[in-house]
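Q: Just so you know, we're using full-length UniProt numbering here: the sequence shown kicks off at 1 and counts up by one. Beta carbons are placed, not taken as given, at the ideal position from N, Cα and C, and that holds for glycine. In this text, all values refer to a predicted model and were calculated from it rather than measured experimentally. Here it is, the structure in full.
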Amino acid sequence: MGMSLKTVRGFRPILRLFDPSTFTAYFLGGPSSKTTVLPVNGIDIQPVYLPHPPQPSMGITGVNGFDHWKIERVIAVAMLAMIPGSFVYDSVFMNYLLAASLAIHAHWGMDSVLIDYCPRKALPLANVIRYLLTVLSFLGLCYFNYNDMGITRALKALWTIIY
């Protein structure tokens, strides 16, 4: 009973990734040099490659996807310095900066989770809930900073309790 991997349903998408023309088209932005273009009405059509690809469409915020990705990474890397820096330089500014960066970081993280795991029909409601949770978490952190000890002092107190 010889069963090839092409007949197994789960392996079909994996095998498509190893086709050289598909690999080149998906990952390098165009067909490979080995791809044959069939003539149309006796005229060979050759692909045209622009020197600079057209800019992707802007979202609601006016930032394209690549710029948004760069902003996400900048904030994530800045948080690596902000959190330990807040222990050294404990101030009101640092507490509110932490509140904003934690809320936006969680918001963008939940966006990725919802896109990956939420059913398409439930995505609009899930996005509304995500925005509400982001606003509530930011307002809660600001309330905690204004009316209580603040994020940095709370983390220091938690650190002394644990260790």
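#1: Which one of A78, K121 and L132 has the shortest CA to CA distance from M110?
#2: To which residues of the same chain is M79 closer than 6 Å at the C-beta, ignoring the five residues directly before and after it?
#3: Does DSSP put G150 in a helix, a strand or coil?
#4: Looking at H105: is its Cβ nearer than 8 Å to the Cβ of R130?
#5: What is the rounded straight-line gap between the Cα of D116 and the Cα of C142?
#6: Specify, as a first and last residue, the run of the alpha helix (DSSP H) that L90 falls within.
#7: Compare the beta carbon distance of F66 and A103 with 8 Å and say whether it is the shorter of the two.
#8: Given a cut-off of 8 Å, decide if G150 and N95 are closer than it, judged by their beta-carbon atoms.
#9: Identify whether T127 lies in helix, strand or coil by the three-state DSSP scheme.
#10: In angstroms, rounded to a whole number, what distance separates the CA positions of N127 and L155?
#11: According to DSSP, is P119 part of a helix, a strand, or is it coil?
A: In short:
#1: Along the sequence shown, read from residue 1 onward, the residue named residue 110 stands at position 110. Of the listed residues, the one whose Cα sits closest to M110 is L132.
#2: Here the question's residue 79 lines up with position 79 in the sequence shown. Hits under 6 Å: S101.
#3: For this step, residue 150 is matched to residue 150 along the sequence shown. Reduced to three states, the DSSP call for G150 is coil.
#4: Position 105 of the sequence shown, counted from the first residue, corresponds to residue 105. Position 130 of the sequence shown, counted from the first residue, corresponds to residue 130. The answer is no: Cβ separation not under 8 Å.
#5: For the purposes of this step, residue 116 is identified with residue 116 of the sequence shown, where counting begins at 1. For the purposes of this step, residue 142 is identified with residue 142 of the sequence shown, where counting begins at 1. Computed Cα separation, rounded: 30 Å.
#6: As a first step, residue 90 must be located in the sequence shown, where it is residue number 90. Reading the sequence as shown, one finds Asp at residue 90 and not Leu. Per DSSP, D90 belongs to no alpha helix (DSSP H) and is neither H nor E.
#7: The residue you call residue 66 lines up with position 66 of the sequence shown. The residue you call residue 103 lines up with position 103 of the sequence shown. Not in contact: F66 and A103 (Cβ atoms no closer than 8 Å).
#8: Taking the first residue of the sequence shown as 1, we reach residue 95 at position 95. Taking the first residue of the sequence shown as 1, we reach residue 150 at position 150. Their beta carbons are under 8 Å apart, which means N95 touches G150 by this criterion.
#9: Taking the first residue of the sequence shown as 1, we reach residue 127 at position 127. In the sequence on display, residue 127 carries Asn and not Thr. Of the three classes helix, strand and coil, the one that applies to N127 here is helix, per DSSP.
#10: Sequence index remark: in the sequence shown, residue 127 carries index 127 (1-based). Sequence index remark: in the sequence shown, residue 155 carries index 155 (1-based). Their backbone Cα atoms lie some 30 Å apart in a straight line.
#11: On the sequence shown, residue 119 is found 119 positions in, with the first residue counted as 1. Here P119 sits in coil by DSSP.
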